[in-house]
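There are 6 protein chains.
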Amino acid sequence: MTSKRNFEPVSGNDLPRFAGIPSFMRLPVMSLDDSDIDQVQIGLIGVPWDGGTTNRPGARHGPRQLRDLSTMIRLKHPISHIEPFSLVNCADLGDVSVNPADVQDTLSRVTAFYEKLKTCNIIPMTAGGDHLISLPVLRGIVKNGPVGMIHFDAHTDLYKGYFGGFEYTHGTPFRRAIIEGILDPKRVVQIGIRGTMYDGEDIEWGLEQGVRIIRIEELYDRGLDDVMTEARAIVSNQPTYVSFDIDGIDPSQAPGTGTPEIGGFTTLEAQRMVRQLKGLNIIGADLVEVSPPLDQSGNTAWVGVSIIFELLCILADVIQGQKQP
Amino acid sequence: MTSKRNFEPVSGNDLPRFAGIPSFMRLPVMSLDDSDIDQVQIGLIGVPWDGGTTNRPGARHGPRQLRDLSTMIRLKHPISHIEPFSLVNCADLGDVSVNPADVQDTLSRVTAFYEKLKTCNIIPMTAGGDHLISLPVLRGIVKNGPVGMIHFDAHTDLYKGYFGGFEYTHGTPFRRAIIEGILDPKRVVQIGIRGTMYDGEDIEWGLEQGVRIIRIEELYDRGLDDVMTEARAIVSNQPTYVSFDIDGIDPSQAPGTGTPEIGGFTTLEAQRMVRQLKGLNIIGADLVEVSPPLDQSGNTAWVGVSIIFELLCILADVIQGQKQP
Amino acid sequence: MTSKRNFEPVSGNDLPRFAGIPSFMRLPVMSLDDSDIDQVQIGLIGVPWDGGTTNRPGARHGPRQLRDLSTMIRLKHPISHIEPFSLVNCADLGDVSVNPADVQDTLSRVTAFYEKLKTCNIIPMTAGGDHLISLPVLRGIVKNGPVGMIHFDAHTDLYKGYFGGFEYTHGTPFRRAIIEGILDPKRVVQIGIRGTMYDGEDIEWGLEQGVRIIRIEELYDRGLDDVMTEARAIVSNQPTYVSFDIDGIDPSQAPGTGTPEIGGFTTLEAQRMVRQLKGLNIIGADLVEVSPPLDQSGNTAWVGVSIIFELLCILADVIQGQKQP
Amino acid sequence: MTSKRNFEPVSGNDLPRFAGIPSFMRLPVMSLDDSDIDQVQIGLIGVPWDGGTTNRPGARHGPRQLRDLSTMIRLKHPISHIEPFSLVNCADLGDVSVNPADVQDTLSRVTAFYEKLKTCNIIPMTAGGDHLISLPVLRGIVKNGPVGMIHFDAHTDLYKGYFGGFEYTHGTPFRRAIIEGILDPKRVVQIGIRGTMYDGEDIEWGLEQGVRIIRIEELYDRGLDDVMTEARAIVSNQPTYVSFDIDGIDPSQAPGTGTPEIGGFTTLEAQRMVRQLKGLNIIGADLVEVSPPLDQSGNTAWVGVSIIFELLCILADVIQGQKQP
Amino acid sequence: MTSKRNFEPVSGNDLPRFAGIPSFMRLPVMSLDDSDIDQVQIGLIGVPWDGGTTNRPGARHGPRQLRDLSTMIRLKHPISHIEPFSLVNCADLGDVSVNPADVQDTLSRVTAFYEKLKTCNIIPMTAGGDHLISLPVLRGIVKNGPVGMIHFDAHTDLYKGYFGGFEYTHGTPFRRAIIEGILDPKRVVQIGIRGTMYDGEDIEWGLEQGVRIIRIEELYDRGLDDVMTEARAIVSNQPTYVSFDIDGIDPSQAPGTGTPEIGGFTTLEAQRMVRQLKGLNIIGADLVEVSPPLDQSGNTAWVGVSIIFELLCILADVIQGQKQP
Amino acid sequence: MTSKRNFEPVSGNDLPRFAGIPSFMRLPVMSLDDSDIDQVQIGLIGVPWDGGTTNRPGARHGPRQLRDLSTMIRLKHPISHIEPFSLVNCADLGDVSVNPADVQDTLSRVTAFYEKLKTCNIIPMTAGGDHLISLPVLRGIVKNGPVGMIHFDAHTDLYKGYFGGFEYTHGTPFRRAIIEGILDPKRVVQIGIRGTMYDGEDIEWGLEQGVRIIRIEELYDRGLDDVMTEARAIVSNQPTYVSFDIDGIDPSQAPGTGTPEIGGFTTLEAQRMVRQLKGLNIIGADLVEVSPPLDQSGNTAWVGVSIIFELLCILADVIQGQKQP
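Protein chains in written order, with numbering that gives the first Met the number 0: chain A, 0 to 324; chain B, 0 to 324; chain C, 0 to 324; chain D, 0 to 324; chain E, 0 to 324; chain F, 0 to 324.
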């Protein structure tokens, strides 16, 4: 790879970290039409959308605030010593163009973008946006049968519908994905579930399909290691997506989100769980539901990009591993 | 009217103004199905909607924050000495049920609500919600030919479309209303217009239809009195709607709104302009675009309900005048 | 009970959760004069008062913000599967009318309200207000000899006086209640106590009376289960009140309170402790010291109503159990 | 006066203005028991009280935030070129000890403090606290018959009572003072009055006593100069107090206050009106109702101390004038 | 110019205005090393620096927040109908690399950057940063004798030194520039000056050099038109720089700045004054002292970019005029 | 010591805790020139400096906000029952005069101040300011060979340089101190280290010198007790400094800091670790990096002063122990 150095973040020695136009991780900005696009291995993409939000909106502003805070991220993982930006070519591929006033139009646009990405063989690290965006992302990149998923969240997002049967909201993406055959429910693990319930139908339906739902109490009672060992076993070495809803984390650490539930896991626990994804066959990841108007301080976005960095290290390691026979 | 006292706000002597469940102006809460609904003369209604918002959402939370702050409003107008709640029967009719994820469904629901209101002969004082809601409100209450409008705003809301031709957003309601024949463009006056322009097509189209657009500079150069005299002449004594977008007011005084434009008129000027609507044939009014996530302090909502009180005094006076031969 | 369905919260399918006038949990609003009042089994009441606050005021605004956030609470408990609003008749009984400028007048008003409540056989779930309100609540509902109390808090609230001997503040209610014979100190357990001390006299006095004071360090060293087992044993199956001061929870999770102390328990620990109250003979509960001006985001109130829901499930279960022979 | 230089503020050259313990204007801190107290000519005093507040509390925190922001004030008036700290001896006399839980006790404490001040011949520049504090201040310093007052405010504070007849709140001080014979209503001018009214009884009562009430509309219609000329004529050269409620200023410029009313005068207008008090026989002044929890940014307090500096220049000039024959 | 369309902002129809990586005005990002750099006519540059700040820091974060808010700016001026991005080639040239810990090193870096810019014949529109940055900007672009300046500000920035004689702070740039011979004091006009004074030496020195200082009172007493006519006459048709300190505007409209002074001019007045610069021989402009930590809402930055757009229209018109014989 | 009572904090009974001029812990304010200075045993000092901050500034405002919040601290430690203000003479020695625009000048000023303090035999409890201030503090008080250090932080602060080799920033103090021979690296323990890395050179260098670096994961895996036992062994009974960077604590509990890293230890853990310093030979301590503009609520400062109180109890115990044979 002759041009690797072009994919390195702007150095803090050249320009202080608070300076400059904020791309994800200070990476180069490219478009899918770029002539060098085939060199990109991991694409960081924003989907600035909250049209699926049933309660408090604002996640459409997530990608921009995440980019802003991401400039404080450095180069090397403190535990694994992975340097993702040296290991593989990463680039900021900008935001997908959405239509804030039309759900179906937006779903089509997002799917089309990720289909192109798939064609380019780029692994997506997506920043939401509300959780509905995981559906068109999966539609775009899953083309050869259903995939598994490790899903960190306070909610199952397996609801049937809202507002009189409307089936496309941020509470329904994974029910749709299972029904559409792009998620294999028997290889879906949900971690951190909690909060009061409407009627529990989402959970019943999920359990019937074979989804493994791990409530927050079980997570603490068994311990992270035990739970993650099970999660790894469930998804096994088959293609697996990772979806991280920021509201999985306790709202004291991530208040900027539309549907908080008290009693979540901590950021350190989040980091340690993500680190245990190492070696799995991850085909893409997303970090969703950061809502800047609900936390103008940027603290929630800082948590978000810190998790994105953890995910990037996992993804870079996957790619690196694939190259080595 | 024997039951008039039932329509009086909870007194601050009985319950401090910060206490109690916040209905609009501490008025009784009623529904359109209520057996006493025929006694209501002015209905205060919330339309908690921001699905037409092209940029920064949050106006769906407007009605609740407006209700909260409205409990600080007292009973009597300091200049006109009108006591609207004594003069006519006012009630809080709750929020219209909207579908946050579907524009057309919501437009239908809102129109249906206002058609019922019209049947009950209740004059609506609506709290938004983004500005798109004026369209279904007008659809609901205008049944006998186009009406005039006095419109306070930073923007014309006469745009053609967004995001590739989408015609139902908070920037398009009055173009739609003119095209649908429910607004008579020759009796529409827009006051406070300013801000950078896409291409000016909205203004050109409006001028061609006969809309009178009064920019902020003209307002100051001629003075409020002169402008309002002209405005009154334009709408004359025919049925007229009043639409007040909070972003007409300078963003230093009303920061909690999605599309602020610097250089607006002041709250005192707003009060004085509304007071000059006295005696016109007003058929309803709205106050829109208060976005609580953009001003958690409630200061913008406080401006909003203070203007709503001014409008209520005008509406009460209209009704009172109609009763007297 | 023929009219049970009238006591159900407004459904999110009928009206989005951010919409509508915010009563507690979207329950019907009733007054003690209501003809149906005898059907109510649990009353949710606000006491909007902070006149007993010795440092940072604002708790008078607590009930309104708690109501606002409570509309995000759903219907069913995720662990116990209790559905309190189906199980028993709950209603929002509004705010007690207080006098912000007179302590003794307010104490009388609150006591009078709760005496009426007692007469109606309604179990109160009270939202403060500062902690002084627990005193008049207890005065109102305890009529047959002293009761026990499980008290979650950072402070003992057993102080003697402030500002030269003034004995009615939010730091003194339980000393007053013990002296007045409405609390049995030998059946009082305080959990979460911490923070710097004036001189420790409150603790010494409490210990002399037989109060069981469990500091935060003991809570963690022994574990929640062990501590709660002891607490249950202390109050036994006799009538017991539950008082939950939001400042028992760590200030990172509940910053909106007047007298925070670092190093508190977490929300999940709070939930788990409250869940262990199941089956006790609870006669009422309060959640106090949420101060909205110190957390305009509503995050603290969200914690507060989440705990109120936990308490409601316990109370509903008590009532349900009493009905069954 | 040999020790004048001891009364100079800490210089920004010696210590940056953001550094150091914040006394008012960086002046020396003294107590009434200090041996040098007789050298003090103007005392800056805080009265950290909001027990008279009928709606949103927080003004008890006013003095501290005002001190904090006051360290940005420099030495010399830009128009009059008065250097108050060189001209007369100014000192920070600390906060009066109040009892947050007892109104009458607090009134007594404040009056006692100001009586001592009067004995020391110190002119008070008081920082509130809510507006009730003006009553005990006046009680303390007015000993030889009623005085006049120039009063900047949105409200008359001439109300009869609240909450069932309670007569000591921040809405009643001047009615009490007139009734007690310490204010001469015929020499009282109120400027900036506005906002919705309960019933107007306060205004009627005031007018009957001879109070001159200048609404905001009259202020603008006639112009500042004309109004201030009248105000000066009304108080003439007899002893006059100045009371400045921060809510007289528009809430966009001074949002941190408990009872805002839209449509107020600007800070520049406030400065220009205060400058026109020059040469009057001012016996003391206060600046009240800054409520830090309602504006944590300190912007409102910055407005407050900027007005306090204007008042200090007027007071220093009075003292200077009295010394010169 | 064949490649003009490359310099157009991303359209809101292609990508909603809240989406995408925020460059200034959504313009293309280029560096001085870019091969097309000679096509750029106006460069928008950030100088993320607050090392000259004597009181409250944060202006180093200004450029990023200004870029963020600038994406809400549209294409066409509402009064002059100038479309700057169509008229001339504008680009975002990124941030100058500064050294947050060394003043002199930073001054050198900034000057070097602007010297290159000058070589490329690009007119700079600079976004600060604190006001010290105007000095190295002027050093970089003024090479043929002193220039004039129209300077909007609350402060003269003509101070001699701080903290024991330190001469390079945000209060001293224009004294340094005059002494260095890059500003002609007789062609310097300062508008909006106000606030308390240390000792007035800055003003005396400025007047001695011939600087025209127009205080806020004079601005209002004479009116904007009269003052701007004088200002235009003073700078005449010789090369003139425009420096706009956001603190010239009233702090209610621009609170996010380190040294606010109450009683400033309004945003509309600012717009109208800038519009009167049309036709002058402007060689560059800056907008400084926006401090995001002091206004996380972005409202101040929104004012800032709105003024930058006004300045861009003036600059584009200058360039356009120069091309036409 | 006859005058011990002069060193007691103002009592909350004499003046409510929200009232009065805020000195540290309401202690008397003294200067090093004071005639009673030899009676002071522990000095609380502010160093209002952020000129070494490489990213987000604001720590210069730390001392003032810490003083403000410190007035809520009471007198007695809840576990050890130490009453530091009774045990030894504590005083607020004000802020060191810094030069916000010059690093080296400031380093000299701070060192000079602490050399004087050393001469007076006063043990310093310093409140920052950014972490660079620990360097001049150590330079001032370490005169007899290198000392040990227990260092709580998210970062090692052992970096080599920034911005092209600049060696004096808040990321470099302890490398400088080791190189200068005032810290003995073999007796330095760092606890809580985490966050992404530039390249890990700081850690490698530290390990080579013999610094013991305990990452957050090790802290949790081994438990606090085990780690603190090791830390005590490493510093042994030789002179040891304690440096507490607030960013060691999780950012959800201490958000007001310039370089947060997710996944930190809790406040209760911080308290328990500091309590285990009892009996060590502590020669001084600091608490740094509280940045008020990043947390206007004061919550972070409240955490800071709560830790300062813990440290004061340790320091008072050291002094007390030295007096007793």
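Note that beta-carbon positions come from the ideal geometry of N, C-alpha and C, so glycine has one too.
For a quick check, are the C-beta atoms of residue i and residue j less than 8 Å apart?
i: I261 of chain E; j: V302 of chain D; result: yes
i: E82 of chain D; j: L92 of chain D; result: no
i: L116 of chain B; j: I132 of chain B; result: no
i: T53 of chain B; j: Y197 of chain B; result: no
i: T125 of chain C; j: V46 of chain C; result: yes
i: I245 of chain A; j: V187 of chain A; result: no
i: P8 of chain C; j: A90 of chain C; result: no
i: F151 of chain E; j: A269 of chain E; result: yes
Buried or exposed for residue i, please, with buried defined as at least 16 other CB atoms from any protein chain shown within 10 angstroms of its CB.
i: R4 of chain D; result: Confidence is the limiting factor: at R4 of chain D the pLDDT is only 42, short of 50, which leaves the residue's position unreliable, though a coordinate-based value still follows. Exposed: under 16 other Cβ atoms inside 10 Å.
i: I306 of chain E; result: buried
i: T258 of chain D; result: buried
i: T1 of chain B; result: Caution is warranted here: a pLDDT of 44 is assigned to T1 of chain B, below 50, making its placement in the model unreliable, and the coordinate value is therefore given only provisionally. The residue is exposed, with fewer than 16 neighbouring Cβ atoms inside 10 Å.
Nearest to residue i by CA position, among the options, is which residue?
i: V146 of chain A; options: A:Q275, A:S34, A:V241; result: A:V241
i: F6 of chain B; options: B:R55, B:Q64, B:Q40; result: B:Q40
i: L68 of chain A; options: A:Q270, A:N298, A:D201; result: A:N298
i: Q103 of chain C; options: C:P135, C:G263, C:F84, C:P292; result: C:P135
i: G61 of chain B; options: B:L276, B:T168, B:D129; result: B:D129
Where does residue i sit, in a helix, a strand or coil, going by DSSP?
i: G262 of chain F; result: coil
i: T1 of chain A; result: Residue placement at T1 of chain A cannot be trusted, given a pLDDT of 44 that sits under 50; what the coordinates show is reported in the next sentence. Correct three-state label for T1 of chain A: coil.
i: F17 of chain C; result: coil
i: Q319 of chain B; result: helix
i: C312 of chain E; result: helix
i: L86 of chain E; result: helix
i: R175 of chain C; result: helix
i: F162 of chain E; result: coil
i: L43 of chain E; result: strand
Near-chain B residues of the segment 287 to 302 of chain E - C-beta to any C-beta below 7 Å = Identification of residues in the segment 287 to 302 of chain E having a C-beta nearer than 7 Å to some C-beta of chain B yields S296, N298, W301, V302, given in sequence order.
Given a limit of 7 Å on CB to CB distance, which residues of the segment 88 to 99 of chain A reach chain B?
-> Here the close residues are N98, P99.
Select from the segment 175 to 197 of chain C all residues with a C-beta closer than 7 Å to any C-beta belonging to chain F, and list them in chain order.
-> The residues in question are R193, G194, T195, M196, Y197.
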